[in-house]
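Per this note's numbering: the sequence shown = residues 47 to 139. A virtual CB, placed ideally from N, CA and C, is assigned to each residue, including glycine.
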Amino acid sequence: MEMILYTVVAVALYLAADHILNYIERMYGGILPYRSVIFFAIIMVLATVVFDFIKSSMKEEPIEHPYSNALSAPPSSAPSSQGAGSAPTVAPE
């Protein structure tokens, strides 16, 4: 799903950059020299801003694998020193 979103946004950014470049050329009064470099600069700025926004808005909490911390188990799950079936010791009064 994420790939489809980025692809659709990339097509929209391409069309937007083309529209912006055509607008700049109309203001200039002709085809700009180094037109492809200017187009690249426009689409690079747009893509950096928009893709960073998408990435930050889609950020999810990482899913931790249940066995990823197998060596560092919490102390509460450590086996007790009393052993199974032995009665707890009671301090004499």
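- Contact between residue 70 and residue 59 fails: their C-beta atoms lie close to 16 Å from each other, not under 8 Å.
- Taking each of 56, 51, 100 in turn and checking the Cα distance to residue 89, the smallest one comes out for 56.
- Linking residue 52 to residue 74 through their CA atoms gives a straight-line distance of about 32 Å.
- Bounds of the alpha helix (DSSP H) holding residue 88 are 81 to 103.
- Counting along the chain, the unbroken alpha helix (DSSP H) around residue 49 starts and ends at 48 to 74.
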